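**Student:** Before I ask anything, here is the structure I am working with.
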Amino acid sequence: MSRRDSILESAARVVAQRGIRGLRVEELAEAAGVSTSLIYYHFKDRAGLLAQTLDFISTRAERYTESDVDAAADPLGHLQELLLLELQDTPLVVENSTAWGESRATAVFQPELRAQLRDATAHWTDYLSGLIRSAQEQGTVAAEIAPADVAERLTALIEGVSMRWLSGTLELDRARELVRGAIALELGVRS
Numbered sequence: 014m015s016r017r018d019s020i021l022e023s024a025a026r027v028v029a030q031r032g033i034r035g036l037r038v039e040e041l042a043e044a045a046g047v048s049t050s051l052i053y054y055h056f057k058d059r060a061g062l063l064a065q066t067l068d069f070i071s072t073r074a075e076r077y078t079e080s081d082v083d084a085a086a087d088p089l090g091h092l093q094e095l096l097l098l099e100l101q102d103t104p105l106v107v108e109n110s111t112a113w114g115e116s117r118a119t120a121v122f123q124p125e126l127r128a129q130l131r132d133a134t135a136h137w138t139d140y141l142s143g144l145i146r147s148a149q150e151q152g153t154v155a156a157e158i159a160p161a162d163v164a165e166r167l168t169a170l171i172e173g174v175s176m177r178w179l180s181g182t183l184e185l186d187r188a189r190e191l192v193r194g195a196i197a198l199e200l201g202v203r204s
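Those letters in the sequence shown? Residues 14 to 204, per our numbering, in order.
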């Protein structure tokens, strides 16, 4: 792993543990085992570090949500597995989901984070919309369903359910059950 990736991994961990407001370059340097000057070399400033950390978190999520279900052959199965992979009780997923939730919450108070979060969310919902359109073309989802609307609702649901699970107010099995049920309701299929 490169020094840059090591710093980003440490930054994601710090954001998950202390929040974005708790991300101090000096403390991050110590956690990553590098100098503050190296952090500034790679990321220019704290804003650059935050932007790259959000990209890192998004990219990492794409890796752990890679579905084994072939999207072309079974777009609905792929969509369901993709969403359920967001709810895994592993240190990586817990850390990543916590950092994502913290980023989303912080954007309420720090507008400079909003554009990047909006773009990352749009990427995710566009992908889900494409899967839904593919399912419509295969005849497994009704033509009158609006793919973009369903994708937005499912994305919002997975984020909310994830935060409830991470905060201990919802058991993991129940969270996964709710997601399966929402997919079935939104798309008119059996879960």
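By construction, the Cβ of each residue, glycine as well, lies at the ideal position given by its N, Cα and C atoms.
Remember, it's a predicted structure, so these values are computed and weren't measured experimentally.
Let me know the alpha helix (DSSP H) ranges lying completely inside the stretch 40-75, each 4 residues or longer, listed in chain order.
**Tutor:** Entirely contained in the stretch 40-75, the alpha helix (DSSP H) runs reaching 4 residues are, in chain order, 49-56.
**Student:** Just to confirm, is the Cβ distance from Ser-142 to Ala-85 under 9 Å?
**Tutor:** No, they are not a contact pair.
**Student:** Starting from Arg-117 and walking both ways along the alpha helix (DSSP H), at which residues does that stretch end?
**Tutor:** Its alpha helix (DSSP H) spans residues 104-119.
**Student:** Suppose the cutoff is 6 Å on Cβ atoms and the five residues either side in sequence are ignored; what does the same chain contact list for Leu-98 look like?
**Tutor:** Excluding positions up to five away in sequence, the list reads Thr-78.
**Student:** For His-136, count neighbouring C-beta atoms within 10 Å of its own C-beta (all shown protein chains included) and say buried if the count is 16 or more, exposed if not.
**Tutor:** With fewer than 16 other Cβ atoms within 10 Å, it is exposed.
**Student:** Using a Cβ-Cβ cut-off of 6 Å (strictly less than) and excluding sequence neighbours within five positions of Met-7, which residues of its own chain qualify?
**Tutor:** Missing from the structure shown is residue 7; the chain here goes from 14 to 204 and no further.
**Student:** According to DSSP, simplified to helix, strand and coil, what is Ser-204?
**Tutor:** Confidence in Ser-204 is poor, its pLDDT being 44 and thus under 50, which makes the residue's placement unreliable; the coordinate value appears in the next sentence. Note: Ser-204 maps to coil in three-state DSSP.
**Student:** Which one of Ala-45, Leu-62, Gly-46 has the shortest CA to CA distance from Tyr-53?
**Tutor:** Nearest option by C-alpha distance: Leu-62.
**Student:** For Gly-173 and Thr-111, I'd like the C-alpha separation in whole angstroms.
**Tutor:** C-alpha separation (whole angstroms): 12 Å.
**Student:** Roughly how many whole angstroms lie between the Cα atoms of Asp-58 and Val-38?
**Tutor:** So the two alpha carbons sit approximately 9 Å from each other.
**Student:** Classify Pro-88 as buried or exposed, calling it buried when 16 or more other Cβ atoms lie within 10 Å of its own Cβ.
**Tutor:** When all chains shown are included, Pro-88 counts as buried.
**Student:** In whole angstroms, give me the CA-to-CA distance for Met-14 and Leu-21.
**Tutor:** Their Cα atoms are separated by approximately 11 Å.
**Student:** Given this structure, state the Cα-to-Cα distance separating Ser-19 from Asp-186, to the nearest angstrom.
**Tutor:** Cα to Cα, the separation comes out at about 33 Å.
**Student:** My assumption, with CB atoms under 8 Å, is that Leu-67 sits in contact with Val-192. Please give the rounded CB distance.
**Tutor:** Going by Cβ atoms, the distance from Leu-67 to Val-192 rounds to 24 Å, so no, they are not a contact pair.
**Student:** Using C-beta distances below 6 Å, list every residue in its chain close to Glu-184, excluding the 5 sequence neighbours before and after it, in chain order.
**Tutor:** Nothing listed; no residue qualifies.
**Student:** Is it buried or exposed, Phe-122, if we count other Cβ atoms within 10 angstroms and call 16 or more buried?
**Tutor:** Under this definition Phe-122 is an exposed residue.
**Student:** Restricting to Cα atoms, I'd like to know which of His-55, Asp-83, Leu-92 is closest to Trp-17.
**Tutor:** It is worth fixing the name first, because residue 17 is Arg in this sequence and not Trp. The option with the nearest alpha carbon to Arg-17 is His-55.
**Student:** Inspect the beta-carbon positions of Leu-92 and Leu-144 and report whether they are closer than 9 Å.
**Tutor:** For Leu-92 and Leu-144, yes; Cβs fall inside 9 Å.
**Student:** Are the CB atoms of Leu-126 and Ile-33 within a distance shorter than 9 Å?
**Tutor:** In contact: Ile-33 and Leu-126 (Cβ atoms closer than 9 Å).
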